[in-house]
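Structure first, then comments.
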């Protein structure tokens, strides 16, 4: 195993790659090593896991999920039918409609939806939810230009999340209590900071 000395903020740091056990500190230095896919930091016998790359997503391609809308201008979670989680690292796909983050931090959330309704000119709002609560950040809307004609919308936001929070998507019909058909779904969650 090779070690490399690096200077960080004036402090010597020893980097040990793919170290199987917790290393002993030598001369008061900080040891950074990889164990089981996680990066670990050891300083004065305290071991802290350092999260490197955390990302995940889900999508639905050419679907036909009917969201029953019984009240106009009410947010309805897309709570089933999204069957594909994608590129998950440090995240969990909830089986049919959400991505949960395993680590706390600041996350970039990007989403898109293609929707339609049975009536032209329906105004449809969409966005993401955190643990079932609709968020104003990153919300968007679209107008269905013709009955049963697909219309797209998308949004992006940066939010703070705690471990195990679930990110899902919602839609609302701002024009009437009329069902919404979701045809395409994309949700991407990327950790961008502490």
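Numbering (our numbering), first residue to last: 155 to 348. For every residue, glycine included, the Cβ atom is placed at its ideal position computed from N, Cα and C. All of these numbers come straight from a predicted model, not from anything done at the bench.
Report task. My understanding is that residue 269 touches residue 348, with C-beta atoms under 8 Å, so please give their C-beta distance in whole angstroms. Result -> In the chain shown, counting from the first residue as 1, residue 269 sits at position 115. In the chain shown, counting from the first residue as 1, residue 348 sits at position 194. Rounded, the Cβ-Cβ distance is 35 Å, inconsistent with contact.
Query raised in the report: Helix or strand or just coil, what does DSSP make of residue 224?
Result: The count along the chain shown starts at 1 and reaches residue 224 at position 70. In the structure shown, residue 224 sits in coil (DSSP, three-state: anything other than H, G, I, E or B).
Requested in this report: Buried or exposed for residue 327, please, with buried defined as at least 16 other CB atoms from any protein chain shown within 10 angstroms of its CB.
Outcome: The residue labelled residue 327 in the question sits at position 173 within the chain shown. Buried: at least 16 other Cβ atoms inside 10 Å.
Query raised in the report: So who's on the other strand from residue 345, going by DSSP bridges?
Result: By one-based count along the chain shown, residue 345 stands at place 191. BP columns for residue 345 point to 261.
**Report entry** Chain-order list of residues whose beta-carbon lies under 6 Å from that of residue 279 (same chain, five-residue window excluded)
**Finding:** Counting from one through the chain shown, the residue named residue 279 turns up at place 125. Only 295, 326 and 328 meet the Cβ criterion.
Report task. Could you check which residue in 330, 334, 341 and 344 has the C-alpha nearest to that of residue 227? Result -> Position 73 of the chain shown, counted from the first residue, corresponds to residue 227. Checking every option, the nearest Cα to that of residue 227 belongs to 330.
Query raised in the report: Could you give the residue range of the beta strand (DSSP E) that holds residue 278?
Result: As a first step, residue 278 must be located in the chain shown, where it is residue number 124. That run of the beta strand (DSSP E) goes 277-284.
**Report entry** Cβ shell of residue 175 (< 7 Å), same chain only, five flanking positions each side left out
**Finding:** As a working note, residue 175 is residue 21 in the chain shown. Here residue 175 scores only 49 on pLDDT, less than 50, and its place in the model is too uncertain to base an answer on.
Report task. Please name the residue in 345, 241 and 236 whose C-alpha comes closest to that of residue 248. Result -> Position 94 of the chain shown holds residue 248. In terms of Cα proximity to residue 248, the closest of 345, 241 and 236 is 236.
Query raised in the report: Closest to residue 320 by CA distance: which of 342, 303, 274 and 300 is it?
Result: Start at 1 with the first residue of the chain shown, and residue 320 comes out as number 166. Of the candidates 342, 303, 274 and 300, 342 places its Cα closest to the Cα of residue 320.
Query raised in the report: How many angstroms separate the CA atom of residue 242 from the CA atom of residue 219?
Result: Looking up residue 242 in the chain shown gives position 88. Looking up residue 219 in the chain shown gives position 65. Their backbone Cα atoms lie some 23 Å apart in a straight line.
Query raised in the report: residue 283 to residue 258, Cα distance in whole Å?
Result: Here residue 283 is taken as the residue at index 129 of the chain shown, counted from 1. Here residue 258 is taken as the residue at index 104 of the chain shown, counted from 1. Cα-Cα distance, rounded: 17 Å.
Query raised in the report: According to the Cβ coordinates, are residue 288 and residue 207 closer than 8 Å?
Result: Residue mapping note: residue 288 aligns to position 134 of the chain shown, counting from 1. Residue mapping note: residue 207 aligns to position 53 of the chain shown, counting from 1. Cβ atoms of residue 288 and residue 207: not closer than 8 Å.
Query raised in the report: Is it the case that the Cβ atoms of residue 223 and residue 332 are separated by a distance below 8 Å?
Result: Position 69 of the chain shown, counting from 1, holds the residue named residue 223. Position 178 of the chain shown, counting from 1, holds the residue named residue 332. Yes, they are a contact pair.
**Report entry** Among 322, 334, 346 and 335, nearest to residue 211 - alpha-carbon criterion
**Finding:** Translated into the one-based positions of the chain shown, residue 211 becomes position 57. Closest option to residue 211, judged by alpha-carbon separation, among 322, 334, 346 and 335: 322.
**Report entry** Secondary structure of residue 319, DSSP reduced to three states
**Finding:** For the purposes of this step, residue 319 is identified with residue 165 of the chain shown, where counting begins at 1. Residue state, collapsed to three classes: coil.
Requested in this report: Put residue 141 into one of helix, strand or coil per three-state DSSP.
Outcome: Residue 141 falls outside the range modelled here, since the chain spans only 155 to 348, and no answer is possible.
Query raised in the report: How is residue 309 classed by DSSP in three states: helix, strand or coil?
Result: For the purposes of this step, residue 309 is taken as residue 155 along the chain shown, with counting starting at 1. Here residue 309 sits in strand by DSSP.
Query - Backbone secondary structure at residue 292 - three-state DSSP - result: Along the chain shown, one-based indexing puts residue 292 at 138. Three-state DSSP puts residue 292 in coil, outside helix and strand.
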